[in-house]
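Chemist:
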Amino acid sequence: LHGIWSDGENAWGELKKFLGANNKYSYKKYEMLTPNYPPDKHFKDNRHHIPTFISTLKQYCAQNRTSVGKVDIVAHSMGGILTRLYMQNGVGGPKYLNDIHKLVTVNTPHSGSPWANIVGDKDKFFKWFMNWQFDKNPYNGALDDLSIGEAAIDSLLNGPDLNKNKVPSHVIYTVDTIPAWAEFANERIIKFTTSPIRLKSKPYLNIQGAAGMFNPYALAAKGGLFGLKYYLFRKIPCPYDSGLQDCLRKVFGSESDLIVSDISQRGGMTNAATFIPSLNHLNVCSAEPTMQRIQELFRAKSFENDFSRNGFNPAKLRFDPILGTQNARNATDSIRIVDPGYGQAFNRGDSVRVTVRASSGINRMMIAIGYENGLDAFALEGNDSVFRFKVPDDVLSKLYFKVFAVDNADNEHTDSSFITIGADPNLLLDSIKIVHPQKDDMKIALGDSTRITTMGYFSDGIARDITRETLVSYTRLTNTVSVPLEGNVKGLIVGFDELKATYLGKTDSVDIEVIPPVPVDTVGNVVLPVRFAKVAAKYQGTHVLVTWQTSMEQNNSYFEVEHSADAVNFINAGRVAATNVANGSSYSFAHNNFITGNNYYRIKQVDLDNKFSHSLIVIANAPIQSSIAIYPNPVDDILTLDFSKAIGHKARTVKVLNNLGQVLLQQTIASNAVKTSLVLAGLQPGIYNIEILAADNTRIKTEKIIKNR
355 LHGIWSDGEN
365 AWGELKKFLG
375 ANNKYSYKKY
385 EMLTPNYPPD
395 KHFKDNRHHI
405 PTFISTLKQY
415 CAQNRTSVGK
425 VDIVAHSMGG
435 ILTRLYMQNG
445 VGGPKYLNDI
455 HKLVTVNTPH
465 SGSPWANIVG
475 DKDKFFKWFM
485 NWQFDKNPYN
495 GALDDLSIGE
505 AAIDSLLNGP
515 DLNKNKVPSH
525 VIYTVDTIPA
535 WAEFANERII
545 KFTTSPIRLK
555 SKPYLNIQGA
565 AGMFNPYALA
575 AKGGLFGLKY
585 YLFRKIPCPY
595 DSGLQDCLRK
605 VFGSESDLIV
615 SDISQRGGMT
625 NAATFIPSLN
635 HLNVCSAEPT
645 MQRIQELFRA
655 KSFENDFSRN
665 GFNPAKLRFD
675 PILGTQNARN
685 ATDSIRIVDP
695 GYGQAFNRGD
705 SVRVTVRASS
715 GINRMMIAIG
725 YENGLDAFAL
735 EGNDSVFRFK
745 VPDDVLSKLY
755 FKVFAVDNAD
765 NEHTDSSFIT
775 IGADPNLLLD
785 SIKIVHPQKD
795 DMKIALGDST
805 RITTMGYFSD
815 GIARDITRET
825 LVSYTRLTNT
835 VSVPLEGNVK
845 GLIVGFDELK
855 ATYLGKTDSV
865 DIEVIPPVPV
875 DTVGNVVLPV
885 RFAKVAAKYQ
895 GTHVLVTWQT
905 SMEQNNSYFE
915 VEHSADAVNF
925 INAGRVAATN
935 VANGSSYSFA
945 HNNFITGNNY
955 YRIKQVDLDN
965 KFSHSLIVIA
975 NAPIQSSIAI
985 YPNPVDDILT
995 LDFSKAIGHK
1005 ARTVKVLNNL
1015 GQVLLQQTIA
1025 SNAVKTSLVL
1035 AGLQPGIYNI
1045 EILAADNTRI
1055 KTEKIIKNR
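Once you know that position 169 of the sequence shown is 523 in the working numbering, the rest is easy, because the numbers rise by one and skip nothing.
Laid out in structure tokens, this is it:
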């Protein structure tokens, strides 16, 4: 299970590969599940997902003839909290079904995290950073719940329901220190703020690696640094000229993984705990020592000394920011960025004069400067700032300014502005690349979203983030996914798609599979009278045969076979009476009213009390397009489209496109055509895309061809 602002594959994708490829014992794919839940919602809402995930994994195993009663869970960060809440049977929560064998928590804030307090209601800078740079929503509840002293930690998690149910458990905890480069950057920032005007030639921290690759971890670390700087300059215990590591110890009260203290991570465990040094909250899941230890714990017997059977006993921590007096806001206080003007034009390398003016009640401010590739920030005492900022070489089109100010009553005030960067005729685009952690095997659950980054590689050797550039366009092959909105791609229809990015004549693409959502039982925590062992659907030419097997039935009334064209909206296709045999039965249903393309099926089981549940969704494809032959390939001059085996085909148009998506040739197909010929003599040698369309422009078939001469 993943934590806040993460997802299953990002957190545990490397562990899945590690467990699946290990020579000693390899886990099969259906034995592992890395599910997604809303990564920013309240604990009380997200805890309901845990039993559904467990049920789904057990069904996967059952469909592969593997009997499973309980599962092992490894949970990072907030995922450990949600698992504990499920086990505790709290008021309004899901009923614990005694289906967890062992629990391993990794860097879980069992007592909360002061970072959540720091980034709380008063710290708008870090919230702005997370929204602007990462599209992470800090306002949906999870961040508040993770705060030390909040009811979600002290009462819901560690209150009267603590340890109501216990399973063999183990904690993995780590500590890390602020790296030398961050301390150096901190010194540079302090030095920069000692002079009212200073020319800043380049960013303090570069988020591009030596090979020009975008490094999201460096950017996250950068954000953490600036969030800490903001804390330092406005909190009395840590003046803003403090060393970072010294202040971290004051903030956490002990050593930490830079996000959670070691005390909070341990959760009161003493013997059943593994300490791994020099790992932080962001890199712990994919680290070799972590994965090796998790594998050892998964293979160990639950009664061995590696596990505690006494539950968790987290320490109660106190967070005291020492904010001073809480007076009402002075209505006359304000702050404004005077220079540069809103939308003013500059070039790379220009020295930009920045003037910030504030009223007399303002005593501290933080100025952030952000663009496609980075973010820089510094803190100042006082209510005036005049300095110069050199436009970095790696900025592309816009540079944003944001100022956060604090008055004597500790109220916040903000202002923002931006400048535009002129085009450089000598700066040429070499290539572009869509970047995603799972680009080679990218999957999105139906209705969920994932974030891609589109990078541009330029003639000056700098890679720039072009995701938000207005000239970047995206095309889709099947419209299974959405057009990216500021990098966010949503799964619209179950199936496969190719997303292509185009910018200044350069292209890159990524294949995406949209998978069915995890089914949710409609009867909450009631133990249902049927266990599905296998569900399948297969196209038979004249019908789709839907088959399913049960491994257990009790008080079962009947089944309904539900059909859908989009895996979202299902209709009843037919009913099958239940045998109600205790050890299960086999069933089948022939569906005649199928559609061309993907057909989605699920089985609705209804018991004698009219309560019901659904099976997993399965797919059957009625592939008229697979019967359409395109040959020869490679081709010289004449390309043949053969419809002789595609009886009743709906093809009406064929198009030839280049790699930019431009239509070079288009021809009508007769409704009764058996074969159609395309003359390609006028095209240059190369690779082309063939599209066959129906009358409503729906794609029936696409294929790449090679023209020889």
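Glycine included, C-beta positions come from ideal geometry on N, C-alpha and C.
#1: Going by CA-CA distance only, name the one from Gln1038, Leu602, Phe948, Arg818 that's closest to Val989.
#2: From what residue to what residue does the beta strand (DSSP E) around Trp359 run?
#3: Can you round the beta-carbon distance between Thr644 and Val525 to whole angstroms, since I take them to be within the 8 Å contact cut?
#4: Taking all protein chains shown into account, decide if Arg742 is buried (16 or more other Cβ within 10 angstroms of its Cβ) or exposed.
#5: Count the other CB atoms within 10 Å of the CB of Ala759; is the residue buried (16 or more) or exposed (fewer)?
#6: What whole-angstrom Cβ distance do Pro522 and Lys456 have, given they're in contact under 8 Å?
#7: Please classify Ile869: does DSSP put it in a helix, a strand, or coil?
#8: For Gly434, report the span of its alpha helix (DSSP H) as first-last.
#9: Kindly indicate which three-state DSSP category Asn717 falls into: helix, strand or coil?
#10: Which complete beta strand (DSSP E) runs does the stretch 942-994 hold, if anything under 3 residues is left out?
#11: Assign Arg929 to one of two classes, buried (16 or more other C-beta atoms within 10 Å of its C-beta) or exposed (fewer than that).
#12: Give the C-beta separation of Gly811 and Asp794 to the nearest angstrom, bearing in mind that I take them to be a contact with Cβ-Cβ under 8 Å.
#13: With distance defined between alpha-carbon atoms, name the residue in Ser813, Asn762, Lys756, Ile820 nearest to Lys787.
#14: Could you tell me which of Val706, Gly801, Phe372, Glu609 sits nearest to Phe652, measuring between CA atoms?
#15: With DSSP run on the structure shown, which of helix, strand or coil describes Gln1016?
#16: Does the distance from the CB of Val749 to the CB of Arg702 come in under 9 Å?
#17: Hey, Val848 and Ile971: beta-carbon distance below 9 Å or not?
#18: Measure the C-alpha to C-alpha separation of Lys1058 and Ile1041 and round it to an integer number of angstroms.
#19: Using a Cβ-Cβ cutoff of less than 6 Å, which residues in the same chain neighbour Ser640 once the five nearest sequence positions on both sides are dropped?
#20: Do the CB positions of Gly776 and Val922 come within less than 9 Å of each other?
#21: Roughly how far, in whole angstroms, is the beta-carbon of Thr856 from the beta-carbon of Leu846, given that I think they are within contact range, below 8 Å?
#22: Going by the CB atoms, is the gap between Ile992 and Val1028 shorter than 9 Å?
#23: Taking the alpha helix (DSSP H) that Met1074 belongs to, which residues open and close that run?
#24: What's the gap between the Cα of Ala799 and the Cα of Pro870?
#25: Under a Cβ-count criterion, where at least 16 other Cβ atoms within 10 Å of its own Cβ denotes burial, should Thr824 be classed as buried or exposed?
#26: What's the call for Asn926, buried or exposed, on a 16-neighbour Cβ count within 10 Å?
#27: Taking Cβ to Cβ, would you say Ala626 is nearer than 9 Å to Asp600?
#28: For Ser770, count the other beta carbons within 10 Å of its own beta carbon; 16 or more makes it buried, fewer makes it exposed. Which is it?
#29: Going by alpha carbons, who is nearest to Pro779 out of Ser813, Lys797, Phe755?
#30: Counting only beta-carbon separations shorter than 9 Å, does Arg663 have a partner in chain B?
#31: Tell me whether Asn1062 sits in a helix, a strand or coil according to DSSP, three-state version.
#32: Once DSSP output is grouped into helix, strand and coil, what is the label at Pro694?
#33: Cβ atoms of Pro668 and Asn471: under 9 Å apart, would you say?
#34: Report buried or exposed for Glu907, applying the criterion of at least 16 other Cβ atoms within 10 angstroms of its Cβ.
#35: I need the straight-line Cα distance from Ser1025 to Arg1006, nearest angstrom please.
#36: Identify which residue in Asn519, Asn946, Asn909, Cys415 has its Cα closest to the Cα of Val898.
Modeler: Based on what the coordinates show:
#1: Stepping through the sequence shown from its first residue, residue 989 is reached at position 635. The shortest C-alpha separation from Val989 is found at Gln1038.
#2: For the purposes of this step, residue 359 is taken as the residue at position 5 of the sequence shown. Counting along the chain, Trp359 falls outside any beta strand (DSSP E), and DSSP gives it neither H nor E.
#3: Along the sequence shown, read from residue 1 onward, the residue named residue 644 stands at position 290. Along the sequence shown, read from residue 1 onward, the residue named residue 525 stands at position 171. Not quite, the Cβ-Cβ distance comes to about 12 Å (not below 8 Å), so this is no contact.
#4: As a position in the sequence shown, residue 742 is number 388, starting the count at 1. With fewer than 16 other Cβ atoms within 10 Å, it is exposed.
#5: Here residue 759 refers to the residue found at position 405 when the sequence shown is read from its first residue. Counting of Cβ neighbours within 10 angstroms places Ala759 among the buried residues, the total reaching 16 or more.
#6: The residue you call residue 522 lines up with position 168 of the sequence shown. The residue you call residue 456 lines up with position 102 of the sequence shown. The Cβ separation is near 5 Å, so the contact holds.
#7: Locating residue 869 in the sequence shown gives position 515, where the first residue counts as 1. Ile869: strand per DSSP, three-state reduction.
#8: Along the sequence shown, read from residue 1 onward, the residue named residue 434 stands at position 80. Residues 432-441.
#9: By one-based count along the sequence shown, residue 717 stands at place 363. Here Asn717 sits in strand by DSSP.
#10: If we require 3 residues or more, the beta strand (DSSP E) runs fully inside the stretch 942-994 come out as 951-961, 966-968, 972-976, 983-985.
#11: In the sequence shown, residue 929 corresponds to position 575, counting from 1. Its Cβ having fewer than 16 others within 10 Å, Arg929 is exposed.
#12: By 1-based counting over the sequence shown, the position of residue 811 is 457. By 1-based counting over the sequence shown, the position of residue 794 is 440. First, the amino acid is wrong: residue 811 is Tyr here, not Gly. The Cβ separation is near 19 Å, so there is no contact.
#13: Translated into positions along the sequence shown, residue 787 becomes position 433. Residue Ile820 is the option with its Cα nearest to Lys787.
#14: The residue given as residue 652 occupies position 298 in the sequence shown. The candidate whose alpha carbon is nearest that of Phe652 is Phe372.
#15: Indexing the sequence shown from 1 puts residue 1016 at position 662. Residue state, collapsed to three classes: coil.
#16: The residue you call residue 749 lines up with position 395 of the sequence shown. The residue you call residue 702 lines up with position 348 of the sequence shown. Yes, they are a contact pair.
#17: By one-based count along the sequence shown, residue 848 stands at place 494. By one-based count along the sequence shown, residue 971 stands at place 617. Closer than 9 Å, so yes.
#18: Residue mapping note: residue 1058 aligns to position 704 of the sequence shown, counting from 1. Residue mapping note: residue 1041 aligns to position 687 of the sequence shown, counting from 1. Straight-line Cα distance between these residues: approximately 7 Å.
#19: Counting from one through the sequence shown, the residue named residue 640 turns up at place 286. Cβ neighbours of Ser640 beyond the five flanking positions: Glu368.
#20: Mapped onto the sequence shown, residue 776 falls at position 422. Mapped onto the sequence shown, residue 922 falls at position 568. Contact annotation: Gly776 and Val922 have beta-carbon atoms that are not nearer than 9 Å.
#21: Residue numbering aside, residue 856 sits at position 502 when the sequence shown is read from its first letter. Residue numbering aside, residue 846 sits at position 492 when the sequence shown is read from its first letter. That belief does not hold up - the Cβ atoms of Thr856 and Leu846 are roughly 21 Å apart, past 8 Å.
#22: Within the sequence shown, residue 1028 is the residue found at index 674, counting from 1. Within the sequence shown, residue 992 is the residue found at index 638, counting from 1. No.
#23: The displayed coordinates of the chain run from 355 to 1063. Any statement about residue 1074 would go beyond what the structure contains.
#24: Along the sequence shown, read from residue 1 onward, the residue named residue 799 stands at position 445. Along the sequence shown, read from residue 1 onward, the residue named residue 870 stands at position 516. The alpha-carbon atoms of Ala799 and Pro870 are separated by roughly 6 Å.
#25: Along the sequence shown, one-based indexing puts residue 824 at 470. Thr824 should be labelled exposed.
#26: Residue numbering aside, residue 926 sits at position 572 when the sequence shown is read from its first letter. It counts as exposed.
#27: As a position in the sequence shown, residue 626 is number 272, starting the count at 1. As a position in the sequence shown, residue 600 is number 246, starting the count at 1. Cβ atoms of Ala626 and Asp600: not closer than 9 Å.
#28: Numbered from 1 along the sequence shown, position 416 holds the residue referred to as residue 770. By the neighbour-count rule (16 or more Cβ atoms within 10 Å), Ser770 is not buried but exposed.
#29: As a working note, residue 779 is residue 425 in the sequence shown. Of Ser813, Lys797, Phe755, the residue nearest in Cα terms is Ser813.
#30: Looking at the structure shown, chain B is missing, and only one protein chain is on hand.
#31: Numbered from 1 along the sequence shown, position 708 holds the residue referred to as residue 1062. The three-state secondary structure of Asn1062, taken from DSSP, is coil.
#32: One-based indexing of the sequence shown puts residue 694 at position 340. Of the three classes helix, strand and coil, the one that applies to Pro694 here is coil, per DSSP.
#33: The sequence position of residue 471 within the sequence shown is 117, counting from 1. The sequence position of residue 668 within the sequence shown is 314, counting from 1. Going by C-beta atoms, Asn471 is not nearer than 9 Å to Pro668.
#34: Here residue 907 corresponds to residue number 553 of the sequence shown, with the count starting at 1. Within 10 angstroms of the beta-carbon of Glu907 lie 16 or more other beta-carbons, which makes it buried.
#35: Taking the first residue of the sequence shown as position 1, residue 1025 is located at position 671. Taking the first residue of the sequence shown as position 1, residue 1006 is located at position 652. Approximately 7 Å between the Cα atoms of the pair.
#36: Locating residue 898 in the sequence shown gives position 544, counting from the first residue. When only C-alpha atoms are compared, the closest one is Asn946.
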